[in-house]
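As numbered in the numbering used here, residues 1106 to 1357 make up the sequence shown, in order.
Encoded as structure tokens, the structure appears first; notes follow it.
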Amino acid sequence: MVDAIESENLSEHLLELNSLLMRASIALVLISILWSPFIDNLIQIWIENLPIQTGPSNENMSVFGPYEWIQVRWGLLLLLSLTTLLPLLSIQIYRFSRPGLYPSEKNWLSSVLLLTTTIIPFAIFSIWHWGLPFLFDFATRYGTPDGVLVRYDAPSIFSLAIGISWVLIVWSVTTISLSLTRVFGLLEDGNSRFRFRLIAISASILILTLPVEFDGLRIIATFLVVYSSDSISKSAPVVFPSGQILPNDTRT
1106 MVDAIESENL SEHLLELNSL LMRASIALVL ISILWSPFID NLIQIWIENL PIQTGPSNEN
1166 MSVFGPYEWI QVRWGLLLLL SLTTLLPLLS IQIYRFSRPG LYPSEKNWLS SVLLLTTTII
1226 PFAIFSIWHW GLPFLFDFAT RYGTPDGVLV RYDAPSIFSL AIGISWVLIV WSVTTISLSL
1286 TRVFGLLEDG NSRFRFRLIA ISASILILTL PVEFDGLRII ATFLVVYSSD SISKSAPVVF
1346 PSGQILPNDT RT
């Protein structure tokens, strides 16, 4: 009888979660449509504001090829849409999770959501607005030999920025997913039931989708994302399906 009730409750939670994911998918499409008309101007404005010497007619800046232009445009559109969606997703996840959590669990979830869906978007904005311009300024001042003409590859510049931002977004989604499986008691032998699947999916996404500029860093970036996400998720209050809370000092 108890198992039947638990199974029914789990099914209800999964249906509610599926509804939440459907709303998030629809919101992502709508946000992408809203951002789409501004992508070209944003690309142009960002390149013009970089502290690099492109020459009077931009002769020191390589132009986008047709394929590169499509790749960068869609990559930036997806990045902006996901970054915009994260804070909205945070509110939906908290509303979905709040009824079944104790006060301490609510505080923990609020902290994780604040980190992954609010601070991370601000960090991405900071990287584009301050971080990469500072990096180019530093490299131009101290890493350029005298008398050497420097040429810049626009697609590679954008791929670098998109790649860093993409790592942060995948880290956010992985951390949230792993944490929620533990909070809702989706456990087997003290570990999240879907832990290895989620880790494998996140690792595959990073390895397969990071730009070629990250060829030497794919494995390192993937390991750091997976390890840090898993470590943070293990700080979650663990609830077994029966409702028993596993103390912090006995978690596996």
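Ideal Cβ placement from N, Cα and C applies to all residues, glycine included.
What you are looking at is a predicted structure, and each value in this text was computed from that prediction instead of being measured.
Exercise for review: With a 10 Å radius around its C-beta and 16 neighbouring C-beta atoms as the bar for buried, classify Val1331 as buried or exposed.
Suggested key: Position 226 of the sequence shown, counted from the start, is the residue given in the question as residue 1331. With 16 or more other Cβ atoms within 10 Å, it is buried.
Review point. Which residue from Phe1243, Ser1261 and Gly1236 puts its Cα closest to that of Phe1174?
Key: The residue given as residue 1174 occupies position 69 in the sequence shown. In the sequence under discussion, the amino acid at residue 1174 is Trp, which differs from the Phe named in the question. Trp1174 has its Cα closest to that of Ser1261, out of Phe1243, Ser1261 and Gly1236.
**Study point:** Uninterrupted alpha helix (DSSP H) stretches inside the segment 1196 to 1232 (no shorter than 4 residues)
**Key:** 1208 to 1219 and 1225 to 1231
Review point. In whole angstroms, what is the alpha-carbon distance linking Ala1341 and Thr1280?
Key: Here the question's residue 1341 lines up with position 236 in the sequence shown. Here the question's residue 1280 lines up with position 175 in the sequence shown. Approximately 11 Å between the Cα atoms of the pair.
Exercise for review: Say whether the segment 1269 to 1280 touches the segment 1216 to 1229, bearing in mind that this needs 3 or more beta-carbon pairs closer than 8 Å, one atom from each stretch.
Suggested key: yes
**Study point:** Cβ pair count under 8 Å reaching 3, the segment 1170 to 1187 against the segment 1263 to 1273
**Key:** yes
Check your understanding: In whole angstroms, what is the alpha-carbon distance linking Arg1246 and Leu1240?
Key -> Residue numbering aside, residue 1246 sits at position 141 when the sequence shown is read from its first letter. Residue numbering aside, residue 1240 sits at position 135 when the sequence shown is read from its first letter. The alpha-carbon atoms of Arg1246 and Leu1240 are separated by roughly 10 Å.
Review point. From Pro1226 to Ser1202, what distance separates their C-alpha atoms?
Key: Here residue 1226 refers to the residue found at position 121 when the sequence shown is read from its first residue. Here residue 1202 refers to the residue found at position 97 when the sequence shown is read from its first residue. Roughly 22 Å between the two C-alpha positions.
Exercise for review: Provide the residue span of the alpha helix (DSSP H) that contains Ile1262, from first to last.
Suggested key: Locating residue 1262 in the sequence shown gives position 157, where the first residue counts as 1. It spans Ala1259 to Val1288 - the alpha helix (DSSP H) in which Ile1262 sits, taken as one unbroken run.
Practice item. Kindly indicate the opening and closing residues of the alpha helix (DSSP H) around Phe1241. Key: Here the question's residue 1241 lines up with position 136 in the sequence shown. Segment Leu1237 to Tyr1247, the alpha helix (DSSP H) holding Phe1241.
Exercise for review: Along the alpha helix (DSSP H) that carries Ser1309, what are the first and last residues, could you check?
Suggested key: If you number the sequence shown from 1, residue 1309 lands on position 204. Note, Ser1309: alpha helix (DSSP H), Arg1300 to Thr1314.
Exercise for review: Would you mind sorting Leu1305 into buried or exposed? The rule is 16 or more other CB atoms within 10 Å of its CB.
Suggested key: The residue labelled residue 1305 in the question sits at position 200 within the sequence shown. Strictly speaking, residue 1305 in this sequence is Ala, with Leu absent from that position. By the 10 Å Cβ count, Ala1305 comes out exposed.
Check your understanding: Would Leu1285 pass as a contact of Asp1335 if the rule is Cβ separation under 8 Å?
Key -> Residue mapping note: residue 1285 aligns to position 180 of the sequence shown, counting from 1. Residue mapping note: residue 1335 aligns to position 230 of the sequence shown, counting from 1. The answer is no: Cβ separation not under 8 Å.
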